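Take a look at the structure set out below.
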Amino acid sequence: MNNNLRNYLSIAFAFFLFVGIVAGFQCCSSDTGGFIKAKEFGGENEIVLTTSQPVQDNIAPESFTVFEENDPDILMHPSKIEKGVDQKNNPTLTLSFADPLNQSNTHVVKAPELVPGTGPINLEVARSYLAFLVSIFIANLLINNYVFTKYLGLCVFMGTSKRKKTATGMGIVFTIVMLVSAVMSWLVNTYILQPFHLDFLQVVVFIGLVSLTVQAVDTILRKVNPILFNSFGVFLVLVIANCIIIAVPLYMANNHYNLIETIMLALGAGGGFLLALYLMSNVRERLELAPIPESFRGLPIAFVMAGQFALAFLGFSGLQIL
Amino acid sequence: MERGCGGKPFLLAQKKRFSPTNTMSNTLTKGQLIARGVLSQNPIFKLALSMCPAVGMSTTVMNGLMLGIAVFFVQVFSSMTISLIKNFIHPRIRIPTYTLTIATWVTVIDLVLAAYLPAAYAEMGIFIKLIVAFAIITMRLETFACKESPSDSFFDAVGMGLGFMFGMVVIGFVRELLGAGTILAGTPIAIEVPIHPFLFFILPCAGFFVVGIMMAFFNWIEAKYNEGKTSNE
Amino acid sequence: MKQGAMKDIFMIVIKLTVTCLVAGIIMGAAFLLTHDAKEHNEQVRDEKVMLSILGYDKANPAPKTLALNTIYRYIVTRGETQSIGYVLSTETGTQFVELDLEGNFLKAYPISQEIDKLRKESDRTGAVQALISDGEVRYADNFIIAVNDGKRIAYILDGKYPGFKASIRVKMALDKNLSMLGFEVLEHEEDPGLGAEIKQKWFRGQFEGKSFEQLKTADVVKTPIPDDYRNAITGKIKGEEAQNIRAKHVGDPIHALTGATISSRSVLNGNKAMVTKFAYRIDKLDKALQQQGIKTPF
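Pasting the structure below:
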């Protein structure tokens, strides 16, 4: 059982690493190259450009024009430009603006040639995609934890959090089923429901895909690894009765996520559920030894405990990863 | 039950354990069927099923009531449908048929609400679609509607639907009263209570506390009631 | 035994197919029956929100002469150069008016459809793209000019800006001098009880009446809102007294929501940016239309 668990985790880890590398590659391949080596938002009203060679001292802020992608007619000029160096001693240019920038929009930066021979500057600054992916993962794992801040999946959460072993088993099985069903839902949603304007069938299709995934994992696991099935099989059925599994595809469809974003969403939601189960099971194992008033025994005290966790998780609210 | 149909026997066993008495239900009158759903087998406080909306959608009485009404209709329609076609359903595809039936009615209710009550629909957000995964509905189909006559199923569904609505309204009442200092805000009969609003009760986490404490409260009442009965005898 | 199993599977397949078919028919029928009503009601609700931020309600209904003229903004990209185009109704029919980035008039193209028929984004973008053969068009946003009896009374803008957690979508009304008439939060994902309170009347009410200059220089403070100001906004103090109190406080900074300073600041900054951009654009558009002698109903 322990060995199997380790195998499972290492597979999950390898997969995660793969996703990270793919995303990282995508991100780096969009690098501008040449004179400007990196571009990103700094503080709430800053854009930081990293250059390959130092530029002269007196650049007029007016020489830079910046606009949001959707507002090419509204030009902004930095109020001041500061030179500096980053951790690797590369020269940087920090453009500060009078007003905060709407960093969810892509900004276009234009400037004349700063150093002879490098050509005029024309580049787009947006939040990095890798950071966006990580932010989806973290947001669903902690900030919008499906159990403690979105209050979903409580029936199964309360039912399987009595023992640590059961809780981790449930969490892992759930994450895997979630991943598979979310990817399938994405495929069906993108290639069938959206093109044919069948949005209203989302509920039926998604719940059908979840049942299908559960049945498939059940059958495959029983044939391929009966030992693993014996330890985890019982949780599979409970997965269908969990609202999170249907909430994730709905959320994905609402936000028009692409495949990688969907995978991050599923991993975050599943991981968040696993985390919640693990934390709760630790508390409930101890609660059994505690002297609790008669009428609070069982579910009521579990709910109060969940409330305290939820209060603690409120502290993650507004956590910024970018 | 053969092992062939997935882990379903386990699911069945789980559900039976929640409500050990309901195999005897066909001896109950219509009034008893309704009363049972609201009181002795209240889906929120006694059966502890469908806790997600009880915590998530209960910030005000109106929110709770709206979702309660939606669940009521889905429950009644699904129970009636399953009860009517119970002889047609093949025992091995029981669960998929239930899921499909519920999903169909949820879609219908979702479309109707989006079309005719857009404000309430926006307020409920994703929860209206999540009714499809509420354990209470599947459980009533599995333990009651697939065995009993349509009329009995109807009254059982009405009882469960009302019980759910009752639970939602009670929790919503407590949270709205303490958290915002109002009752039925946003309706013509809104009442403002002269107490200082206790912000904590509208925060997401307060749902857990209120539900937990109310469950304990109902347990306590039941214990007192049973105590009184035994001491009288 | 084996034959029995085959028959079983056969029955399962048939029954499942029949069930799915019936379910599909029910859902399809529900969709067809509710589809038109949904579109109609969404439009009605949209108009109701607009009228309510303009200050009209049941007790004070909008005059019959009130007309809402929608203008859709497009971005036209031709290779390296970009320009801005507006779909608007003129006295000679719907037109697509193209301006360069400095606001100089480039060209006006007539569109054969009436502007009411172009409400759907896909239809409208198709019609605009058909006019611009040598470039790409992209829909940006829209705004509404409310006209009563031939006189401009207000502008209604749609906007979306980042909040504390996710983005906040608002509808905002400005009078003809670009003072705030009010705004309504349409969508947000702030924390219930904290950031979600941006929907509260007393918070939104602080923006009402602020002139463009006052809004641009306004800041967020953490001090609680004075009781008399709050009561005047929420309607606990009525009539002339309330107006006097509000007039006295209109230049105040925005008092933040308890425990949600960041949300409050996001709303202020977002509103500021919306009004600033709009003020610039409407000025350029008006000048261009006037120069070209294009007569519009607004």
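Residue numbers (numbering that gives the first Met the number 0), protein chains in the order written: chain A, 0 to 321; chain B, 0 to 232; chain C, 0 to 297.
Cβ coordinates follow ideal geometry from the N, Cα and C atoms, glycine included.
As the structure is a computational prediction, the values presented were derived from the model and not from experiment.
* Per-residue burial, Glu97/C [other beta carbons within 10 Å of its own, 16 or more giving buried] -> The residue given as residue 97/C occupies position 98 in the third sequence. Buried: at least 16 other Cβ atoms inside 10 Å.
* **Range covered by the alpha helix (DSSP H) that runs through Thr96/B** => Numbered from 1 along the second sequence, position 97 holds the residue referred to as residue 96/B. From DSSP, the alpha helix (DSSP H) with Thr96/B extends over 93-115.
* To do: Using three-state DSSP, classify Tyr138/C as helix, strand or coil.
  => Against the third sequence, residue 138/C aligns to sequence position 139. The answer is strand: DSSP assigns Tyr138/C an E or B state.
* Indicate the three-state DSSP secondary structure (helix, strand or coil) for Thr69/C in the structure shown. => If you number the third sequence from 1, residue 69/C lands on position 70. Strand, per DSSP.
* To do: Starting from the C-beta of Ile88/B, find all residues in its chain whose C-beta is less than 8 Å away, skip the five residues before and the five after it, and write them out in chain order.
  => Within the second sequence, the letter at position 89 stands for residue 88/B. Taken in chain order, the residues that qualify are Ile81, Thr96, Cys145.
* Asked: Would DSSP call Asn21/B helix, strand or coil?
  -> Counted from its first residue, the second sequence places residue 21/B at position 22. With a pLDDT of 45 at Asn21/B, under the threshold of 50, the modelled position of that residue is not reliable, and the figure given next carries that caveat. Reduced to three states, the DSSP call for Asn21/B is helix.
* To do: Could you tell me which chain C residues have their CB closer than 8 Å to the CB of Leu200/A, listed as they occur along the chain?
  => The residue given as residue 200/A occupies position 201 in the first sequence. Result: Met26.
* Asked: Does any C-beta atom of chain C lie closer than 7 Å to the C-beta of His89/B?
  -> Stepping through the second sequence from its first residue, residue 89/B is reached at position 90. Judged by the 7 Å Cβ criterion, His89/B is in contact with chain C.
* For the beta strand (DSSP E) holding Ile295/C, just list the boundary residues, first then last. => Mapped onto the third sequence, residue 295/C falls at position 296. With the sequence shown as reference, residue 295/C is identified as Thr, and Ile is not the correct amino acid for it. Looking at the DSSP string, Thr295/C is not in any beta strand (DSSP E), and its letter there is neither H nor E.
* Pick helix, strand or coil for Gln94/C, following the three-state DSSP scheme. => As a working note, residue 94/C is residue 95 in the third sequence. Strand, per DSSP.
* Consider the Cβ of Leu161/B: report whether some Cβ of chain C lies at a distance smaller than 7 Å. => Within the second sequence, the letter at position 162 stands for residue 161/B. So, not an interface residue.
* DSSP puts Tyr150/A in a beta bridge; with which residues? -> The sequence position of residue 150/A within the first sequence is 151, counting from 1. Answer is none; Tyr150/A lacks a bridge partner.
* To do: Closer than 7 Å by C-beta to Pro111/A: which residues in its own chain qualify, once you throw out the five before and the five after it? Chain order, please.
  => Here residue 111/A corresponds to residue number 112 of the first sequence, with the count starting at 1. Taken in chain order, the residues that qualify are Ser62, Pro119.
* Asked: Excluding the five sequence neighbours on either side, which residues of its own chain have a C-beta within less than 8 Å of the C-beta of Ala278/C, listed in chain order?
  -> Along the third sequence, one-based indexing puts residue 278/C at 279. Excluding positions up to five away in sequence, the list reads Leu177, Phe211.
* To do: Express the C-alpha separation of Ala240/A and Phe44/B in angstroms, rounding to a whole number.
  => Within the second sequence, residue 44/B is the residue found at index 45, counting from 1. Within the first sequence, residue 240/A is the residue found at index 241, counting from 1. Looking at the two C-alpha atoms, the distance is approximately 19 Å.
* Asked: Where Pro117/B and Gly124/B are concerned, what is the direct C-alpha to C-alpha distance, given to the nearest angstrom?
  -> Mapped onto the second sequence, residue 117/B falls at position 118. Mapped onto the second sequence, residue 124/B falls at position 125. If you take the alpha carbons of Pro117/B and Gly124/B, they lie about 10 Å apart.
* Does the count of Cβ pairs from the segment 125-145 of chain C and the segment 72-82 of chain C closer than 8 Å reach three? -> yes
* Around the Cβ of Lys149/A, are there at least 16 other Cβ atoms within 10 angstroms (buried) or fewer (exposed)? -> One-based indexing of the first sequence puts residue 149/A at position 150. Buried: at least 16 other Cβ atoms inside 10 Å.
* Could you pull out every residue in the same chain whose Cβ sits closer than 6 Å to the Cβ of Gln291/C, ignoring the five residues on either side in sequence? => Indexing the third sequence from 1 puts residue 291/C at position 292. Closer than 6 Å at the Cβ level, and outside the excluded window around Gln291/C, lie Phe104.
* Just list the alpha helix (DSSP H) runs in the segment 196-283 of chain C, keeping only unbroken ones of 4 residues or longer that don't cross its boundaries, in chain order. => 200-204, 211-216, 226-233, 238-248
* Quick one: measure Cβ to Cβ for Ala265/A and Leu178/A, integer angstroms, because I've assumed they're closer than 8 Å. => Counted from its first residue, the first sequence places residue 265/A at position 266. Counted from its first residue, the first sequence places residue 178/A at position 179. Contact holds; Cβ gap of about 5 Å.
* Close-in-space but distant-in-sequence residues of the same chain around Ile212/B (CB under 6 Å, 5 per side omitted) -> Stepping through the second sequence from its first residue, residue 212/B is reached at position 213. Taken in chain order, the list of residues that qualify is empty.
* For Arg174/B, does the count of other Cβ atoms within 10 angstroms reach 16, so buried, or fall short, so exposed? -> As a first step, residue 174/B is located in the second sequence; it is residue number 175 there, counting from the start. Buried, by the Cβ-count rule.
* Straight-line Cα distance separating Gly84/C from Gly78/C -> Position 79 of the third sequence, counted from the first residue, corresponds to residue 78/C. Position 85 of the third sequence, counted from the first residue, corresponds to residue 84/C. Straight-line Cα distance between these residues: approximately 16 Å.
* **Gln199/C: CB within 6 Å of a non-hydrogen atom of the ligand ADP** => Looking for the ligand ADP in the displayed structure turns up nothing, as the structure carries no ligands at all.
* Asked: Between Phe389/A and Phe228/A, what straight-line distance do the alpha-carbon atoms span, to the nearest angstrom?
  -> Residue 389/A falls outside the range modelled here, since chain A spans only 0 to 321, and no answer is possible.
* **Per DSSP, cross-strand counterpart(s) of Tyr154/C** => Numbered from 1 along the third sequence, position 155 holds the residue referred to as residue 154/C. Answer is Ile144/C, Leu173/C, bridged to Tyr154/C.
* **the segment 192-205 of chain A touching the segment 101-115 of chain B, judged by at least three CB pairs closer than 8 Å** => yes
* **Contact set for Thr100/B: own chain, Cβ-Cβ below 8 Å, skip 5 residues either direction** => Residue numbering aside, residue 100/B sits at position 101 when the second sequence is read from its first letter. These residues qualify, in order along the chain: Ser77, Thr80, Ile81, Leu140.
* For Gly84/C, which beta-bridge partners are listed by DSSP? -> The residue you call residue 84/C lines up with position 85 of the third sequence. According to DSSP, Gly84/C bridges with Tyr73/C, Glu97/C.
* To do: Report the residue ranges of all alpha helix (DSSP H) runs contained in full by the segment 118-168 of chain B; include only those spanning at least 4 residues, in chain order.
  => 126-129, 134-139
* Simplified DSSP assignment, three categories, for Val114/A -> For the purposes of this step, residue 114/A is identified with residue 115 of the first sequence, where counting begins at 1. Coil at Val114/A, not helix or strand.
* To do: Using a threshold of 7 Å, state whether the C-beta atoms of Asn139/A and Gly267/A are closer than that.
  => Taking the first sequence and counting its residues from 1, the one referred to as residue 139/A is at position 140. Taking the first sequence and counting its residues from 1, the one referred to as residue 267/A is at position 268. Yes, the pair counts as a contact, with Cβ atoms nearer than the cut-off.
* **Neighbour flag for Ile206/A against chain B, beta carbons, 7 Å** => As a first step, residue 206/A must be located in the first sequence, where it is residue number 207. Ile206/A counts as touching chain B.
* To do: Show which residues of chain B have a CB atom less than 8 Å away from the CB atom of Ala138/A.
  => Taking the first sequence and counting its residues from 1, the one referred to as residue 138/A is at position 139. Within chain B, no residue comes near Ala138/A; the closest Cβ sits about 15 Å away, beyond 8 Å.
* Span of the alpha helix (DSSP H) holding Gly38/A? -> As a first step, residue 38/A must be located in the first sequence, where it is residue number 39. In the sequence on display, residue 38/A carries Lys and not Gly. It is not in any alpha helix (DSSP H) - Lys38/A instead sits in the beta strand (DSSP E) that spans 35-40.
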